[in-house]
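In terms of the UniProt record's numbering, the sequence shown has 164 at position 164, counting the first letter as 1, and numbering is strictly consecutive.
Ideal Cβ positions, reconstructed from N, Cα and C, are used throughout, including at glycine.
This structure is a prediction, so every number in the text was calculated from the model and none was measured.
Data block below; observations after.
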Amino acid sequence: TAERDAAAEKAVAEGSIGSLTAELADVKDRSIRWEASAKTEKASLEALRKSVAENDEALAKKAERVAAETAAREASFASTIESLRAELVTIKTNSEQQKAARLETEARAERAEMAAAAAEARERAADRRADAAQRELLEKFRERERRDDEKKTTPGAETTVRAPSSGAEEEEDDDEKKTKEARAAASESEYGDDDFEEEERAF
């Protein structure tokens with residue numbers, strides 16, 4: 001009887017050891033998969049950070065270029081307007097024939113002022129679109145960091161972490177596509193160069 005009891009206890013112990021060994025192997029496997037997933041998420045986060053930094057740099061350069069172009073155009077408009085106003089002073093002292101020329105000059109000055117106002121409005125619109133694109137990128141960046149922090153701080157998170165699916169990659173492709181479209185839209189409508197050239201030819 002003692003031998004049978006000992007054999008039974010041994011069998012139970014061996015079964016427990018086998019169960020624990022299998023459980024340990026499963027834990028190790030899940031740990032390895034979690035580590036691989038964490039590395040992938042980290043690489044994705046670093047890529048997003050780099051993209052945000054590059055976007056910030058591009059926006060800063062674009063803002064500098066827009067400011068320089070706007071200043072040059074404003075100076076040109078101001079010079080043209082002052083020249084036209086001086087011409088008006090002279091025309092007002094002449095005959096009725098010169099009165100028609102004065103009226104035409106006033107119309108040209110008004111068009112110049114309207115073109116300047118339109119250029120300023122286009123600049124503000126381009127800035128708003130650029131700001132919106134930047135805010136969208138920053139929001140996605142913060143959301144990604146928040147999800148990453150939740151994975152790190154949630155108890156037992158390692159049991160639910162899986163390797164990124166193709167759907168996540170497609171989401172990143174969509175984000176990149178939307179960012180490029182926003183930049184292209186801001187670039188195309190930044191000043192409306194064709195309209196501006198027509199306004200300049202009017203002078």
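Report the rounded CA-to-CA distance for residue 70 versus residue 61, giving the unit in angstroms. 14 Å
Measuring only the C-alpha atoms, how far is residue 49 from residue 41? 12 Å
Let me check understanding here. Comparing Cα to Cα, which of 153, 143, 150 and 138 lies closest to residue 54? 138
Would the beta-carbon of residue 80 fall within 7 Å of that of residue 107? Their beta carbons are not under 7 Å apart, which means residue 80 does not touch residue 107 by this criterion.
Would you tell me roughly how many angstroms separate the C-alpha atoms of residue 32 and residue 146, rounded to the nearest one? Going by the C-alpha atoms only, they are around 23 Å apart.
Between which residues of its own chain and residue 20 is the CB-CB distance below 7 Å, once the five residues before and five after are set aside? Excluding sequence neighbours, residue 20 sits near nothing in its chain.
One question on the structure: do residue 119 and residue 85 come within less than 7 Å of each other, judged by their Cβ atoms? The beta carbons of residue 119 and residue 85 sit no closer together than 7 Å.
Inspect the beta-carbon positions of residue 52 and residue 141 and report whether they are closer than 7 Å. Residue 52 is a Cβ neighbour of residue 141, given a cutoff of 7 Å.
Spatial neighbours of residue 29 within its chain, please: C-beta separation below 6 Å, excluding the five flanking residues on both sides. none
Residue 16 versus residue 8: straight-line alpha-carbon distance, rounded: 12 Å
Once DSSP output is grouped into helix, strand and coil, what is the label at residue 93? coil
Residue 82 and residue 105: beta carbons closer than 7 Å? no
So, under 8 Å CB-CB, residue 134 and residue 59 are touching, yes? Tell me the CB distance rounded to an integer number of Å. 6 Å
Indicate the three-state DSSP secondary structure (helix, strand or coil) for residue 169 in the structure shown. Note that residue 169 scores 46 on pLDDT, short of 50, meaning its location in the model is unreliable; the coordinates nonetheless yield the value given after this. Of the three classes helix, strand and coil, the one that applies to residue 169 here is helix, per DSSP.
Cα-Cα, which of 152, 122, 149 and 4 is closest to residue 66? For residue 66, the nearest C-alpha among the options comes from 122.
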